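The numbers in the sequence shown follow the working numbering, run straight up by one, and end at 422. Glycine included, every Cβ here is placed at the ideal spot set by N, Cα and C. These numbers were taken from a predicted model, which means no experiment stands behind them. For reference, the structure discussed in these notes is given below.
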Amino acid sequence: SMTQQEWTESVKNLNVDNFTEDITKTAVTVVTNTLDNFLQAFSLGFMNPLLNESTLEHSYLNDFVHPCLKTALYYCAKVYYTSGEIPSPHHIKRQKGDGIGLTTCANKYQIVYVEGTRPYKVDPKKILDNQNKIGKNLKSLFLEIMGDRVRTRRIIMPDMEVFGVSSAEHNLYMYVFGFSGNYYLQEVDSASVPRDFTEMEKFIFFYEAILKWA
209 SMTQQEWTES
219 VKNLNVDNFT
229 EDITKTAVTV
239 VTNTLDNFLQ
249 AFSLGFMNPL
259 LNESTLEHSY
269 LNDFVHPCLK
279 TALYYCAKVY
289 YTSGEIPSPH
299 HIKRQKGDGI
309 GLTTCANKYQ
319 IVYVEGTRPY
329 KVDPKKILDN
339 QNKIGKNLKS
349 LFLEIMGDRV
359 RTRRIIMPDM
369 EVFGVSSAEH
379 NLYMYVFGFS
389 GNYYLQEVDS
399 ASVPRDFTEM
409 EKFIFFYEAI
419 LKWA
């Protein structure tokens, strides 16, 4: 098996210009910008925060979840992503999201809402509460955008959707919310967060899920 240094060198040697398809170029860009965070953690052995049951929510999300979402959203959809208990006038009851994403157009519509937990020993109620918050806030974001377009007499986009992520323990669940006769909240994909060098193969599904959602 490869060492952390060998993996790091392999990632460094990936060159976007060696690929022709846009989706492949985007995937390479996302991987080269985020994988090293994981490799450095894996190299810590028993101090690896991804294996440490006392790892806190904010450090876990900030080091391993938010960077991947931020990079993928920007390079896939030109959406600006920011994290860290972010308030928004468009959230239900002024709730704070662990992460939010806004369009880069002049309107700066908020179209992403993210909630997360620590990686271990999470009360199932916390996960359920987060999923409920995501659903309610995505509906609020959706209605705000539609209302703004009506008020400003602009075209209503029939395929308009907003997007959410629930980071629950070591799993990511990606959602899309929209309207087609009825409001719908659908899971786009899900993936496990790789935790050490024995789980390197999981990165294929991890990045694939994030890119598909973004």
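Residue i, DSSP secondary structure in three states
i           : result
residue 303 : coil
residue 322 : strand
residue 397 : strand
residue 295 : strand
residue 234 : helix
residue 249 : helix
residue 392 : strand
residue 423 : Nothing about residue 423 can be read from this structure; the chain reaches only from 209 to 422.
residue 261 : coil
residue 409 : coil
residue 402 : coil
residue 422 : coil
residue 210 : coil
residue 277 : helix
residue 363 : coil
Buried or exposed by the 16-neighbour rule on C-beta atoms within 10 Å, applied to residue i
i           : result
residue 278 : buried
residue 238 : buried
residue 297 : exposed
residue 363 : exposed
residue 342 : buried
Residue i to residue j span [Cα, whole Å]
i           : j           : result
residue 291 : residue 241 : 17 angstroms
residue 448 : residue 308 : Summary: the structure shown does not reach residue 448, with the chain confined to residues 209 through 422, and so no result is reported for it.
residue 365 : residue 395 : 21 angstroms
residue 219 : residue 209 : 15 angstroms
residue 387 : residue 284 : 23 angstroms
residue 294 : residue 306 : 6 angstroms
residue 300 : residue 348 : 7 angstroms
residue 360 : residue 406 : 54 angstroms
residue 268 : residue 233 : 27 angstroms
residue 329 : residue 262 : 9 angstroms
residue 243 : residue 414 : 11 angstroms
Nearest neighbour of residue i, chosen from the options [CA to CA]
i           : options            : result
residue 399 : 374, 231, 405      : 374
residue 376 : 214, 334, 257      : 334
residue 303 : 211, 359, 413, 338 : 338
residue 282 : 340, 345, 225, 313 : 313
residue 344 : 355, 362, 323      : 323
residue 327 : 259, 340, 225, 222 : 259
residue 248 : 236, 230, 273, 213 : 213
residue 287 : 261, 315, 269      : 315
residue 331 : 419, 409, 265      : 265
residue 352 : 340, 341, 369      : 369
Beta bridge counterpart(s) of residue i as assigned by DSSP
i           : result
residue 308 : 290, 321
residue 375 : 324, 380
residue 370 : 385
CB contact below 7 angstroms: residue i versus chain C
i           : result
residue 408 : In the displayed structure, chain C is absent; only one protein chain is listed.
heavy atom of the ligand PLP below 6 angstroms from residue i C-beta
i           : result
residue 408 : This structure simply doesn't include the ligand PLP, nor any ligand for that matter.
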